[in-house]
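Okay, so here's the structure we're looking at.
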Amino acid sequence: MYMAELEATSLLIISGGAFLIPLIAGRIGIPVAVAEIIFGLLISRWIKVGELIEFLSILGFALLMFIAGMEIDFKRVEEEGKEGLLFSTLICSMFFILSYVLCRYLFLDVFYTLVLGATSTGMVIAALRETGKTRTELGQTLILMSSIGEIMTLVLMTAFSIYEKTSLSVEFFVEIGTLSVIFVVAYLVLFLLKSAVWWYPKQFSKIIAGDPSEVGVRIGLALMFAFIAISVKLKVEMILGAFIAGAIFSFVFREKGPLEEKFSSIGYGFFIPVFFINVGISFEPVFSVELLKFLSKLLVLVLLVKLIPSLLLSSKGITIRESFSSGFILSAPLTLLIAIASLGTEIGAITQEESSAIVLLAMASGLLYPTVFKLLESGENVTA
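When we follow the working numbering, the leftmost residue of the sequence shown carries the number 29, and every step to the right adds one.
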């Protein structure tokens, strides 16, 4: 009974924080996600994280990855054509190749290839909206690149997790083969949904427009939970399943405006803040001079890895200044860095101190690099 009351009090504090933090973060000019992690860290000694809060946190993370998948603009992908898609894929591949080379040269564990090369859409889209660059050539190119980079990061995370458990044995290739099952299932679901939209256009147009039963939201959530269940069954990272579900939803429902807003409201209204606050609560930093030195090293390396390949964007007609600023915003994959830190400790690839450094890297890069991007792109705003 006492434990239940304690958790209820904890939930009350977390809910209050989820309400107040965006107001405070907006005033002091820091990303809401970073502020939520800091809040969680500050209240950690008074909070009891039980099954309920843990469940809400996992659900928040799943919704975050589902929304990330939804943010892929497949119209833009088709407009870019094979050449544009290959160009963006090449640059994202260079992130990981350069990361691997630096890890070998600097005697870092190969796990840091994920840390340095990780790319995600979250901070990119937020910064583009704030600078009014969403609809520009730069904005659309960055959204495409970050989407491809996010997919590559999630697949590599899953592959690395399998490798750590099996090494380069027969079991590794069997597990990788099992991983392909989720993509086969995704293709089949995509085919079925596209066929349904083709045969029943009126019914699906109502779903997009909105209806009292919120069938569109139900379809999206059903997709998300179905792919999470498949991921768990296949022993694949849950976040990959949630992301694939969001991408399928985005591909089928191209004009998803109202639905995307509804999912954002559900996620960012409560569940996603609970996830970030819980990250702060669970965070046990082991501060030392060595840790701060290591953090500084990672901050430089993660920027270097993104900055050098990003300069190639100038070959697409994007200015040198914009290419340079792109390297900064791509260096702040806050959510995925937290996921990578969690994965690293779970599979025993990194120590608790290294995990602390990666979470701090997520926070520091999330504060610093988007700010630099906004300063560089503050002129000549184009309405989004």
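Ideal placement from N, C-alpha and C gives every residue a C-beta, glycine not left out.
Query: Enumerate in chain order the residues of its own chain whose CB-to-CB distance from K402 is below 7 Å, with the five nearest sequence positions on each side excluded.; Result: A155, E158, T159
Query: Under the assumption that L365 contacts L327 (Cβ atoms under 8 Å), give the Cβ distance between them as a whole number of angstroms.; Result: With 8 Å as the limit, L365 and L327 do not qualify as a contact, their Cβ atoms being about 12 Å apart.
Query: List the whole-angstrom C-beta distance separating T181 from A146, where the pair is believed to meet the contact cut-off of C-beta under 8 Å.; Result: 5 Å
Query: Should A273 be labelled buried (16 or more other beta-carbon atoms within 10 Å of its own) or exposed?; Result: buried
Query: For V105, collect the residues of the same chain with a Cβ closer than 7 Å to its Cβ; drop the 5 residues on either side in sequence, then sort them by chain order.; Result: L113, L172
Query: Among V217, Y133, G150, E35, whose alpha-carbon lies nearest the alpha-carbon of P292?; Result: A small fix is needed here, since residue 292 is Ser in this sequence, not Pro. It is G150.
Query: Helix, strand or coil for I71, going by three-state DSSP, please let me know.; Result: helix
Query: How many Å lie between I81 and A224 at the Cα?; Result: 37 Å
Query: Apply the 10 Å Cβ neighbour rule to A412 and answer buried if 16 or more other Cβ atoms are within range, or exposed otherwise.; Result: At A412 the pLDDT is 37, less than 50, meaning the model places this residue with poor confidence; the figure from the coordinates comes in the next sentence. Flag for A412 reads exposed.
Query: Would you mind giving the Cβ-Cβ distance between G372 and E382, rounded to the nearest angstrom? I have them listed as a contact below 8 Å.; Result: 7 Å
Query: Determine the burial state of V410: buried for a count of at least 16 other Cβ atoms within 10 Å of its Cβ, exposed for fewer.; Result: For V410, the pLDDT reaches just 41, beneath the cut-off of 50, and the residue's location in the model is therefore unreliable, leaving the point undetermined.
Query: Report yes or no: do three or more beta-carbon pairs, one from the segment 249 to 269 and one from the segment 42 to 61, lie closer than 8 Å?; Result: no
Query: Mind checking I309: buried by the 16 CB within 10 Å criterion, or exposed?; Result: buried
Query: Going by beta carbon distance, what residues of the same chain come within less than 7 Å of S189, once the five residues before and after it are set aside?; Result: E265, L371, I375
Query: State whether the segment 288 to 308 contacts the segment 60 to 75, with contact taken as three or more CB pairs (one from each stretch) at a distance under 8 Å.; Result: yes
Query: For L166, I'd like the list of residues in its chain whose CB is within less than 6 Å of its CB, leaving aside the five on either flank, ordered along the chain.; Result: I346, E350
Query: Among M93, S85, I52, M391, which residue has its Cα nearest to the Cα of L251?; Result: M93
Query: By the three-class DSSP mapping on this structure, what secondary structure does I199 have?; Result: Looking at the sequence itself, residue 199 is Glu, so the reference to Ile does not match. In the structure shown, E199 sits in a helix (DSSP, three-state: H, G or I).
Query: For the alpha helix (DSSP H) holding T416, just list the boundary residues, first then last.; Result: This structure does not reach residue 416, given that the chain is present from 29 up to 412, and the question cannot be answered.
Query: Going by C-alpha distance, which of F123, G295, P337, S359 is nearest P398?; Result: S359
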